Ligand SMILES: Nc1ncnc2c1ncn2[C@@H]1O[C@H](COP(=O)(O)OP(=O)(O)O)[C@@H](O)[C@H]1O
Ligand SMILES: [Mg+2]
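Chains as they are written, first to last, in my numbering: chain A, 2 to 406; chain B, 2 to 252.
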């Protein structure tokens, strides 16, 4: 049997009953549509997390004190305060693959200024820090090496802090008091948004680390050393270099384990990425079930159709159709139906994705591979669930079929 | 051509099984039909005529006996081979026409050509059109069955049976649903085809129809009880003309 007439038979029978055909594919449309939407939401979340990780800085290499444990969390109390300014200076001086290095001191305190006060995190950093974090000031100016060396009482406000303390004024040139020490606001940082784990990166005040150590905190230590590799490709070697330099700096013997941990930006986002990957898979799996349900819908209506068209089948057999011809005809029909459902589902899915994005503000991402995959899957579902009704049609006895009224 | 056995049945039986009971519908049928014959098969209802036609038409398999079609045994062939025989060598015409609904006449006639596996018919549409012209329906190509009269529908069915140039046309009560005038028209068509050398087997209840054939076979309880040539063959065309012009304007 030629495929052209077969396809023609199938198309004709689909066209002949547009209402029923539409009902048949409805489940498929919803199935494919929901796969597209779910995956788009999942991938959107992943893309957002990637963007957040990227926002941490450029080709970031992070050194934290303590040996890394299995979970990637730094070690216990014994390893506290094992990062020193000398470590940072050594990395800066000798790190050939590092473009910039900054120590980071954290201390939590209340910032008072502009008639209000706000609990926030002080980051004691050097003048290279903004470059490493790929961060700019929105107004004012960053502090420089002079400020750092002279331990000047200057600060850069994160966007959130600036909003909280100076809702109606320009904070630049104003004063904020940290632990009783008045600081001059040099500038306000650009908005950075949340990290993957939901921390507000703009709820921060940057102060030269020298100032923090000298004036704010009697008991502060370097919690992190942030470094930036020259390029993304340099990151692995930069990490190796950092490790070597750190071991030198800490005078570790060859049998001793690292008492610090070196990570890159990718590792920082990994946990969150893993979670969204699981979420995407889960969403897609749930949506796939609706695809299956759609397939079962097609099977049901095809079974009804076979019963209704028993006489037609008998006529075809009487004029010489083989069982396989009848099988092929019904298979083509269910495949065309589910492919139609697939296409309609893709359209619906894309439209719904855009709508969901607009209404909820969630990030969504539609990738062509998902479109292709769900379309292919719907055609496969057509073959799979069309098989049984087609088999029934092909197995009908010609005489019985002809006698059917 | 005349004289070569086209159909040879030897000791054909067919038992239906109904709820554990064996219902013998054919109890040993011997029949030889030669090329160019036009055979009427008569007999009371339930005498096994349709069962015999289904066996002849390769729609059904006999329980026992041998069937040679064109000298080739039919028994033991696969279902696919039987489908191909139906497609290539047999034309079946039913009492109820059995046309595909909501499908134009020409597409109905085309249908068997589309199941041809030997690539004999490069232009099925043209062939279907020619077959419809042959049965006098040149002007009804695009009509759907429900827009055609019973007689016209049966003509479409005859065109469909003819279109593959089968060895034999098998008609099971082809005029059973038609009035006597239309019946005569169909019989005139059959006679014309037979004059062109086409072999026909026609099951009928009507003596008038049987009288249009050349040979009359009578069945009773699954057996052939009489097999005779028709003495005074009626010309269906003349018979119809004697009825006078059609009141309803049937063509
Ligand atoms: N599918 C069937 N199942 C059981 N019995 C059948 C079936 N078809 C026909 N018969 C029986 O076989 C006998 C012959 O039937 P059939 O060939 O249709 O006779 P006819 O066409 O001469 O009226 C009848 O007794 C009928 O009841
Ligand atoms: Mg009968």
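Heads up, the beta-carbon is just placed ideally off N, CA and C, and yes, glycines get one too. Model, not experiment: these values are computed from the prediction.
- Relative to the Cα of residue 222 (chain B), the nearest Cα in the group B:11, B:44 and B:13 belongs to B:44.
- If you check the CB distance, residue 314 (chain A) and residue 55 (chain B) do not come in under 7 Å.
- Against residue 178 (chain B), chain A offers no close residue; the least beta-carbon distance is about 14 Å (beta-carbon pairs closer than 9 Å).
- Taking the C-beta atoms as reference points, residue 240 (chain A) is found nearer than 7 Å to residue 62 (chain A).
- In this structure residue 255 (chain A) is exposed. Its beta-carbon is surrounded by fewer than 16 other beta-carbon atoms within 10 angstroms.
- With a threshold of 7 Å between beta carbons, residue 167 (chain B) makes no contact with chain A.
- At a C-beta separation below 8 Å, residue 201 (chain B) has no neighbours in chain A, since its nearest C-beta there lies roughly 17 Å away.
- The C-beta of residue 266 (chain A) has 16 or more other C-beta atoms within 10 Å across all chains shown, which makes the residue buried.
- Rounded to the nearest angstrom, the gap between the Cα atoms of residue 90 (chain B) and residue 304 (chain A) is 32 Å.
- The shortest C-alpha to C-alpha distance from residue 235 (chain A) to any of A:370, A:163, A:275 and A:96 is the one to A:96.
- Taking all protein chains in view, the Cβ of residue 249 (chain A) is surrounded by fewer than 16 other Cβ atoms within 10 Å, so the residue is classified as exposed.
- Neighbours of residue 399 (chain A) across chain B, judged by C-beta separation under 7 Å: 60.
- With respect to the C-alpha of residue 197 (chain B), the residue from B:182, B:163 and B:181 having the closest C-alpha is B:163.
- A Cβ of chain B is located within less than 7 Å of the beta carbon of residue 313 (chain A).
- Of all C-beta pairs linking the stretch 118-130 of chain B to the stretch 329-341 of chain A, fewer than three are shorter than 8 Å, placing the two stretches out of contact.
- Between residue 64 (chain B) and residue 15 (chain B), the beta carbon gap of about 5 Å places them in contact (Cβ cut-off 8 Å).
- Residues of the same chain with a CB within less than 7 Å of the CB of residue 175 (chain A), apart from the 5 flanking positions on each side, are 114, 115, 167 and 186 in chain order.
- Between the C-alpha atoms of residue 108 (chain A) and residue 287 (chain A) there is a straight-line separation of about 45 Å.
- A contact is defined here as three or more CB-CB pairs under 8 Å, and the stretch 96-114 of chain B meets this definition with respect to the stretch 169-178 of chain B.
- Beta-bridge partners of residue 74 (chain B) (DSSP): B:69.
- Interface criterion not met: the Cβ of residue 395 (chain A) is under 7 Å from no Cβ in chain B.
- For residue 31 (chain A), the three-state secondary structure derived from DSSP is helix.
- A straight-line Cα-Cα distance of about 31 Å links residue 92 (chain A) and residue 140 (chain A).
- In the structure shown, residue 193 (chain A) adopts coil according to DSSP, grouped into three states.
- The C-alpha of residue 78 (chain B) lies about 12 Å from the C-alpha of residue 70 (chain B).
- Contact of residue 17 (chain A) with chain B by beta-carbon distance below 8 Å involves 103.
- Here the alpha carbons of residue 25 (chain A) and residue 15 (chain A) stand approximately 10 Å from one another.
- For residue 245 (chain B), the shortest C-beta to heavy atom distance toward ligand 1 is 6 Å or greater.
- Among the residues facing chain B, residue 323 (chain A) is included, as its CB has a counterpart in that chain under 7 Å away.
- With a contact defined as Cβ atoms closer than 8 Å, residue 135 (chain B) and residue 107 (chain B) miss out at about 13 Å.
- Residue 59 (chain B) sits away from residue 35 (chain B), with the two beta carbons spaced by 7 Å or more.
- For residue 31 (chain B), no Cβ of chain A is located within less than 7 Å of the residue's own Cβ.
- Every residue whose Cβ sits closer than 5 Å to any heavy atom of ligand 1 is listed here in chain order: B:17, B:19, B:24, B:26, B:46, B:47, B:48, B:49, B:50, B:51 and B:52.
- At least one beta carbon of chain B lies nearer than 7 Å to the beta carbon of residue 6 (chain A).
- Residue 17 (chain B) counts as exposed, since fewer than 16 other C-beta atoms from the protein chains shown sit within 10 angstroms of its C-beta.
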